[in-house]
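Each residue of the sequence shown is one higher than the last, beginning at 5 in my numbering. Ideal placement from N, C-alpha and C gives every residue a C-beta, glycine not left out.
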Amino acid sequence: MEYKSMNETNKNFVVQTFGMLGVIGSLIFVGLELQQAQRVAIAGQQQARSALVVDIISNLTVTGIDFQSVYLEEKLDYEFSRNEVGLRNVIHTVWGQYENDFYQHEQGLMNKSTWSARKRGIEKLYTMCQGWKAYQYRRFAFSKEFRDVVESYQSKCKG
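Right under this line is the structure:
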(Lines of atoms letter the chains of each structure in order from A and count residues from 1; the text may use other names and numbers.)
(Lines give C-alpha, C1' and ligand atoms only; values in the text may rest on other atoms or scores of the structure.)
Protein backbone atom coordinates (compact mmCIF):
# COMPACT_ATOMS: atom_id res chain seq x y z
CA MET A 1 0.00 0.00 0.00
CA GLU A 2 1.34 3.38 -0.98
CA TYR A 3 1.03 6.33 1.40
CA LYS A 4 1.32 9.93 0.33
CA SER A 5 3.39 12.25 2.36
CA MET A 6 1.75 15.20 4.08
CA ASN A 7 3.47 17.64 1.67
CA GLU A 8 2.14 15.75 -1.33
CA THR A 9 -1.41 15.77 0.13
CA ASN A 10 -1.18 19.51 0.80
CA LYS A 11 0.04 20.13 -2.75
CA ASN A 12 -2.87 18.13 -4.18
CA PHE A 13 -5.31 20.05 -2.00
CA VAL A 14 -3.87 23.41 -3.09
CA VAL A 15 -3.91 22.42 -6.79
CA GLN A 16 -7.52 21.19 -6.54
CA THR A 17 -8.57 24.33 -4.66
CA PHE A 18 -7.02 26.61 -7.29
CA GLY A 19 -8.62 24.53 -10.05
CA MET A 20 -12.01 24.81 -8.39
CA LEU A 21 -11.59 28.56 -7.89
CA GLY A 22 -10.64 28.88 -11.56
CA VAL A 23 -13.82 27.07 -12.64
CA ILE A 24 -15.97 29.19 -10.30
CA GLY A 25 -14.30 32.38 -11.57
CA SER A 26 -14.92 31.33 -15.17
CA LEU A 27 -18.58 30.64 -14.45
CA ILE A 28 -19.00 34.02 -12.78
CA PHE A 29 -17.33 35.73 -15.76
CA VAL A 30 -19.59 33.93 -18.25
CA GLY A 31 -22.65 34.85 -16.17
CA LEU A 32 -21.66 38.52 -16.13
CA GLU A 33 -21.03 38.46 -19.88
CA LEU A 34 -24.45 36.93 -20.51
CA GLN A 35 -26.09 39.53 -18.28
CA GLN A 36 -24.37 42.35 -20.15
CA ALA A 37 -25.26 40.83 -23.53
CA GLN A 38 -28.90 40.67 -22.45
CA ARG A 39 -28.83 44.33 -21.34
CA VAL A 40 -27.33 45.36 -24.67
CA ALA A 41 -29.93 43.32 -26.59
CA ILE A 42 -32.83 44.85 -24.67
CA ALA A 43 -31.35 48.33 -25.14
CA GLY A 44 -31.11 47.56 -28.86
CA GLN A 45 -34.81 46.71 -28.90
CA GLN A 46 -35.59 49.99 -27.15
CA GLN A 47 -33.46 51.83 -29.70
CA ALA A 48 -35.29 50.10 -32.55
CA ARG A 49 -38.68 51.10 -31.14
CA SER A 50 -37.48 54.67 -30.77
CA ALA A 51 -36.18 54.68 -34.36
CA LEU A 52 -39.54 53.39 -35.60
CA VAL A 53 -41.39 56.26 -33.92
CA VAL A 54 -38.89 58.73 -35.37
CA ASP A 55 -39.50 57.26 -38.83
CA ILE A 56 -43.26 57.50 -38.44
CA ILE A 57 -43.14 61.11 -37.25
CA SER A 58 -40.63 62.02 -39.97
CA ASN A 59 -42.90 60.58 -42.66
CA LEU A 60 -45.85 62.50 -41.23
CA THR A 61 -43.78 65.69 -41.25
CA VAL A 62 -42.86 65.23 -44.91
CA THR A 63 -46.54 64.93 -45.79
CA GLY A 64 -47.51 67.87 -43.55
CA ILE A 65 -49.47 65.79 -41.03
CA ASP A 66 -49.36 66.77 -37.37
CA PHE A 67 -48.52 63.70 -35.24
CA GLN A 68 -50.09 65.04 -32.06
CA SER A 69 -53.37 66.04 -33.69
CA VAL A 70 -53.85 62.84 -35.66
CA TYR A 71 -52.41 60.21 -33.32
CA LEU A 72 -52.68 61.60 -29.80
CA GLU A 73 -55.78 63.82 -30.12
CA GLU A 74 -57.52 61.81 -32.87
CA LYS A 75 -58.30 65.01 -34.78
CA LEU A 76 -58.20 65.04 -38.53
CA ASP A 77 -59.22 68.67 -38.81
CA TYR A 78 -56.67 71.06 -37.40
CA GLU A 79 -55.25 74.35 -38.48
CA PHE A 80 -51.49 74.54 -38.20
CA SER A 81 -49.05 75.97 -40.68
CA ARG A 82 -46.46 73.65 -42.19
CA ASN A 83 -43.85 75.23 -39.88
CA GLU A 84 -46.02 74.64 -36.81
CA VAL A 85 -46.57 71.01 -37.82
CA GLY A 86 -42.81 70.63 -38.30
CA LEU A 87 -42.06 72.12 -34.89
CA ARG A 88 -44.65 70.02 -33.09
CA ASN A 89 -43.43 66.85 -34.80
CA VAL A 90 -39.78 67.62 -34.00
CA ILE A 91 -40.70 68.13 -30.34
CA HIS A 92 -42.38 64.71 -30.21
CA THR A 93 -39.38 63.15 -31.93
CA VAL A 94 -37.04 64.69 -29.37
CA TRP A 95 -39.19 63.46 -26.46
CA GLY A 96 -38.88 59.97 -27.88
CA GLN A 97 -35.12 60.36 -28.18
CA TYR A 98 -34.81 61.58 -24.60
CA GLU A 99 -36.84 58.61 -23.39
CA ASN A 100 -34.46 56.30 -25.23
CA ASP A 101 -31.45 58.16 -23.80
CA PHE A 102 -32.88 57.69 -20.31
CA TYR A 103 -33.22 53.96 -20.89
CA GLN A 104 -29.68 53.70 -22.25
CA HIS A 105 -28.40 55.57 -19.18
CA GLU A 106 -30.38 53.34 -16.80
CA GLN A 107 -28.82 50.27 -18.40
CA GLY A 108 -25.32 51.66 -17.88
CA LEU A 109 -24.79 52.19 -21.60
CA MET A 110 -24.35 55.97 -21.46
CA ASN A 111 -21.63 57.77 -19.53
CA LYS A 112 -22.40 60.39 -16.89
CA SER A 113 -21.17 63.30 -18.96
CA THR A 114 -23.45 62.48 -21.88
CA TRP A 115 -26.39 61.84 -19.56
CA SER A 116 -25.82 65.22 -17.86
CA ALA A 117 -25.98 66.90 -21.26
CA ARG A 118 -29.15 65.00 -22.15
CA LYS A 119 -30.76 66.05 -18.85
CA ARG A 120 -30.04 69.69 -19.72
CA GLY A 121 -31.84 69.08 -23.00
CA ILE A 122 -34.79 67.49 -21.18
CA GLU A 123 -34.99 70.50 -18.89
CA LYS A 124 -34.86 72.92 -21.83
CA LEU A 125 -37.59 71.07 -23.72
CA TYR A 126 -39.82 70.69 -20.66
CA THR A 127 -39.56 74.39 -19.80
CA MET A 128 -40.53 75.42 -23.35
CA CYS A 129 -44.32 75.79 -23.54
CA GLN A 130 -44.56 73.76 -26.75
CA GLY A 131 -42.35 71.05 -25.23
CA TRP A 132 -44.38 70.97 -22.03
CA LYS A 133 -47.68 70.72 -23.94
CA ALA A 134 -46.37 67.87 -26.10
CA TYR A 135 -45.10 66.09 -23.00
CA GLN A 136 -48.57 66.23 -21.43
CA TYR A 137 -49.90 64.25 -24.38
CA ARG A 138 -47.06 61.74 -24.27
CA ARG A 139 -46.50 61.28 -20.54
CA PHE A 140 -48.91 58.32 -20.30
CA ALA A 141 -46.56 56.32 -22.53
CA PHE A 142 -43.39 57.10 -20.56
CA SER A 143 -42.11 55.05 -17.64
CA LYS A 144 -42.60 56.39 -14.13
CA GLU A 145 -38.83 56.67 -13.74
CA PHE A 146 -38.50 58.82 -16.86
CA ARG A 147 -41.49 60.96 -15.81
CA ASP A 148 -39.80 61.48 -12.42
CA VAL A 149 -36.71 62.89 -14.17
CA VAL A 150 -38.73 65.14 -16.48
CA GLU A 151 -41.12 66.38 -13.82
CA SER A 152 -38.27 67.22 -11.44
CA TYR A 153 -37.93 70.39 -13.55
CA GLN A 154 -40.27 73.34 -13.23
CA SER A 155 -42.15 74.55 -16.28
CA LYS A 156 -43.58 78.04 -16.45
CA CYS A 157 -46.22 76.73 -18.85
CA LYS A 158 -48.28 74.60 -16.49
CA GLY A 159 -51.98 75.18 -16.35
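Pairwise C-alpha distance: residue j and residue i
{"i": "K160", "j": "E127", "result": "12 Å"}
{"i": "V153", "j": "R53", "result": "21 Å"}
{"i": "F106", "j": "F22", "result": "42 Å"}
{"i": "T131", "j": "Y157", "result": "8 Å"}
{"i": "H109", "j": "W119", "result": "7 Å"}
{"i": "N14", "j": "I28", "result": "21 Å"}
{"i": "D70", "j": "V44", "result": "33 Å"}
{"i": "E155", "j": "K162", "result": "11 Å"}
{"i": "L38", "j": "A47", "result": "14 Å"}
{"i": "T67", "j": "Q50", "result": "26 Å"}
Residue range of the unbroken alpha helix (DSSP H) whose run includes residue i
{"i": "I95", "result": "86–110"}
{"i": "A145", "result": "Note, A145: premise wrong, no alpha helix (DSSP H); not H, not E."}
{"i": "S117", "result": "116–131"}
Exposure of residue i, with buried meaning 16 or more beta-carbon neighbours within 10 Å
{"i": "S73", "result": "buried"}
{"i": "A145", "result": "exposed"}
{"i": "E78", "result": "exposed"}
{"i": "N63", "result": "exposed"}
{"i": "E103", "result": "buried"}
{"i": "F150", "result": "buried"}
{"i": "R86", "result": "exposed"}
{"i": "I95", "result": "buried"}
**Request:** Quick one: which unbroken alpha helix (DSSP H) runs of 4-plus residues sit fully inside the segment 52–85? Chain order, please.
**Result:** Positions of the alpha helix (DSSP H) runs, each at least 4 residues long and wholly inside the segment 52–85, cannot be given because no such run exists.
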